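A quick write-up on the structure given underneath.
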Amino acid sequence: MKRGCTLPSEVLPVGDGQKEQRLNFIYNIMDGALYAFAMSLVSTVTVLPVLVKKIGGSNVAVGLIPVIWIIGFNFPQVLIAAYTSRQDSKKRLVLKTALIQRIPWLLLAIVTATLVGKVSPHWALVLIFGGLSLAAIGGSLNLPGWFDLVAKITPVGRRGSLFAYRSILGALLGVAGGAAVSHVLDTVVFPVNYAILFSMAFLIMMVSYIFLILLKEPLSTETPPGFKGDAYFKKLREIIRQESGYRQFLIADALLVTALMGDAFYAVNALQKFSLSEGFTGRFIVVMMVSMIFGNLIFGKMADRSGHKRNLQIAASSTAVISVIAIVAPLVEVYYLVFAGSALTMSMLHISRLPFIAEICVEENRPIYIALTNMITAPFILMGLFGGWIADNFGYPPVFMISGLFATASLVWWWQKVPEPRKRKINVNN
Numbered sequence: 022m023k024r025g026c027t028l029p030s031e032v033l034p035v036g037d038g039q040k041e042q043r044l045n046f047i048y049n050i051m052d053g054a055l056y057a058f059a060m061s062l063v064s065t066v067t068v069l070p071v072l073v074k075k076i077g078g079s080n081v082a083v084g085l086i087p088v089i090w091i092i093g094f095n096f097p098q099v100l101i102a103a104y105t106s107r108q109d110s111k112k113r114l115v116l117k118t119a120l121i122q123r124i125p126w127l128l129l130a131i132v133t134a135t136l137v138g139k140v141s142p143h144w145a146l147v148l149i150f151g152g153l154s155l156a157a158i159g160g161s162l163n164l165p166g167w168f169d170l171v172a173k174i175t176p177v178g179r180r181g182s183l184f185a186y187r188s189i190l191g192a193l194l195g196v197a198g199g200a201a202v203s204h205v206l207d208t209v210v211f212p213v214n215y216a217i218l219f220s221m222a223f224l225i226m227m228v229s230y231i232f233l234i235l236l237k238e239p240l241s242t243e244t245p246p247g248f249k250g251d252a253y254f255k256k257l258r259e260i261i262r263q264e265s266g267y268r269q270f271l272i273a274d275a276l277l278v279t280a281l282m283g284d285a286f287y288a289v290n291a292l293q294k295f296s297l298s299e300g301f302t303g304r305f306i307v308v309m310m311v312s313m314i315f316g317n318l319i320f321g322k323m324a325d326r327s328g329h330k331r332n333l334q335i336a337a338s339s340t341a342v343i344s345v346i347a348i349v350a351p352l353v354e355v356y357y358l359v360f361a362g363s364a365l366t367m368s369m370l371h372i373s374r375l376p377f378i379a380e381i382c383v384e385e386n387r388p389i390y391i392a393l394t395n396m397i398t399a400p401f402i403l404m405g406l407f408g409g410w411i412a413d414n415f416g417y418p419p420v421f422m423i424s425g426l427f428a429t430a431s432l433v434w435w436w437q438k439v440p441e442p443r444k445r446k447i448n449v450n451n
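Okay, here's the thing in C-alpha cells:
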C-alpha cells in the first residue's frame, strides 16, 4: 500500500459523489463555524480565566484551565482510537460522541446559576473544573472519529481550505460572540452572567450538531481491520520506533504545546496591568476573532499550496513574538496585538496540525496517529501549572519569557528537523 491517505473520490459511490462532496464541505463548514462561535462565548483563553479569578482562584487555578482542557481532550483518545479505526461507519460513532461533548456545557450553566456564589470558592472551582473536564473528555472521545470522517469525505487538496473556511465563518460569528460577552458580563449580575454564556454556548453547539447529522458518509470499500489488545499497543510502539520523521514532529509539537502555557494568563494580566473591567474580555475576543478571519484567509490557502509545515513554523514564530509584546506593551492598545497573535497561532494550529498528521500516515492508521500524538504531547501542557506557580510568586513577565523560549525552540526544530511529508510522497510516487 502506498503512503498517504485515500481520497474520498476513490470510495464514493457512482452518481452523486461529487454533489455529496460539495454538500459535505458546506455542512462541515457550518458545523465547525457554529461550534467555534459557541466556544468564543466560553473561551478558555479569555472568559474562563476571568471566571476562575472572579470566583477567587489563584494563578495556579488559572493555569489549571489549559491543563484540564488539553489533557482531558487528548489522553482518552488513545483508548478509543483503535475502536474508531475498526468502524466502517465513522458517522454513527461521531453522532454519539458529539452529544457527550456538548452536554457538559449545559451542566456548567446549571451549576453556575445555582451553586456558584452559594458554596465556598473551593467547591465552586471544583464544580467548574469538573464540568470543564467532562467537556474535554467528551471532545477527546469525539475527535478521532470526527477527524477520520472529515478526512474520509474531504480531498487532501481541500482540507486546508475546509479548516480555514470553518475558522473564518466561526471568527465572523465570534465577533458577535465577543460583543455578547462584553454586554452580558457588564450588564448581568454575577454569576448569572456566566450561566447565560454557558447556556448560549450549549444551544449553539446543538445547532451545529444538526449539520453533523446531515453529513453523507461514503461507502467503504472494505471493513478496516484495526488493532486489538496487545497488537494495538505494539502498533503504537512500532510507529514511534520506525517513523523518524514522526518522532521529529512530536518533539516540535511538544515544544510548541509547552510554549502555549502563556495563553491562560494574557487576559488576566491585561485586566490587572491596565486596571480594566471584566467587560474588556469581550473586546479581547473581538480582536481575536477579527484576526482569525484574516489569518484563515491567508493560511488556509497557504497550507493547500505549500503544505502544513510552513503554517506550523509561523505559529511557533507568532507565539514567540507575542510573548515579548505581553511583557513590554505600555498601552492596552498595543496589548491587543497579543490577542491578535494568539488568534493567528490558534488559526494555524487549527488549519494545519491535524492535517499535517494525516499526511504522514496511511488511511487506516489516521485515528491511531492522532490519538498517539495527542497522548504524547498533552503532558507538556502541565507546564501551565508551573506557569501559575511562577505568576503567583514572581509575576506574569517570567511566564511569558519562558513561553517565548519554548516557542523559539519549537521554531528551530520545525525548521531544521521535521521533514515535509508532501516531498516524501512525491519521492515515493516517483
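Residue numbers for the sequence shown, in my numbering: 22 to 451.
By construction, the Cβ of each residue, glycine as well, lies at the ideal position given by its N, Cα and C atoms.
This structure is a prediction, so every number in the text was calculated from the model and none was measured.
Asked, Found
"Where the alpha helix (DSSP H) through T302 begins and ends", "301 to 327"
"Spatial distance of E41 from Y417 (CA atoms)", "50 angstroms"
"Proximity to N80 [Cα-Cα], best of V433, W410, W435, M422", "W410"
"Spatial neighbours of F421 in its chain, beta-carbon cut-off 7 angstroms, leaving aside the 5 residues before and after", "G283, S344, A347, I348"
"Best match in D274, M309, P388, L406 for proximity to W435 [C-alpha to C-alpha]", "D274"
"Limits of the unbroken alpha helix (DSSP H) element including P70", "68 to 76"
"F58 - DSSP class collapsed to helix/strand/coil", "helix"
"Nearest-angstrom Cβ-Cβ length linking F94 and G138, presumed shorter than 8 angstroms", "F94 to G138, Cβ: 28 angstroms. No contact."
"I174, DSSP secondary structure in three states", "helix"
"Backbone CA spacing between L432 and A337 [nearest angstrom]", "5 angstroms"
"Whole-Å CB distance - A412 paired with A341, under 8 angstroms assumed", "About 19 angstroms separates the two Cβ atoms, so there is no contact after all."
"Neighbourhood of P442 by C-beta, 6 angstroms cutoff - its chain only, sequence neighbours within 5 removed", "E380, I381"
"Same chain, Cβ closer than 6 angstroms to S220, five either side skipped, listed in chain order", "A130"
"Closest Cα partner of T118 within the set Y230, G152, L375", "Y230"
"Reference M226; option with closest CA among L120, I47, S373, L276", "L120"
"Candidates L277, F315, I314, V307: closest to L333 by CA position", "L277"
"Extent of the continuous alpha helix (DSSP H) to which I389 belongs", "387 to 398"
"Inter-residue Cα distance where the pair is G166 and M323", "26 angstroms"
"8 angstroms contact criterion, which V311 and V196 should meet: CB distance rounded", "6 angstroms"
"Cβ neighbours of L114 in the same chain (closer than 6 angstroms, five flanking residues each side left out)", "Q108, G166"
"Check whether I397 and L271 have beta carbons under 8 angstroms apart", "yes"
"V132 versus R258 - alpha carbon distance", "42 angstroms"
"Pick from K74, A54, R43, S339 that is closest to A288, judged by C-alpha positions", "K74"
"Other residues of its chain near P97: CB distance less than 7 angstroms, five sequence neighbours each side excluded", "I158, S161, L162"
"Contact check, S141 vs H371, beta carbons under 8 angstroms", "no"
"Run of the alpha helix (DSSP H) containing G409, from where it starts to where it stops", "404 to 415"
"Nonlocal neighbours in the same chain, by C-beta distance under 6 angstroms from D207, ignoring five residues either side", "G300"
"Three-state secondary structure (DSSP) of R107", "coil"
"Backbone secondary structure at F168 - three-state DSSP", "helix"
"Beta-carbon separation (whole angstroms), L281 vs G316, contact threshold 8 angstroms", "Between G316 and L281 the Cβ distance is about 16 angstroms, and since that is not below 8 angstroms, they are no contact."
"Through-space distance from G152 to A102, alpha-carbon basis", "23 angstroms"
"Per-residue DSSP class, three states only, for E238", "coil"
"Short Cβ contact (8 angstroms threshold) for E307 with G199", "Inspection of the sequence shows that residue 307 is occupied by Val rather than by Glu. Yes, the Cβ-Cβ distance between V307 and G199 is below 8 angstroms."
"CA-to-CA distance, V439 to K255, given in whole angstroms", "24 angstroms"
"Nearest-angstrom Cα separation, counted from D325 out to V35", "Low confidence applies here, because V35 scores a pLDDT of 38, under 50, leaving its location unreliable and the question unanswered by this model."
"DSSP three-state assignment for E441, whether helix, strand or coil", "coil"
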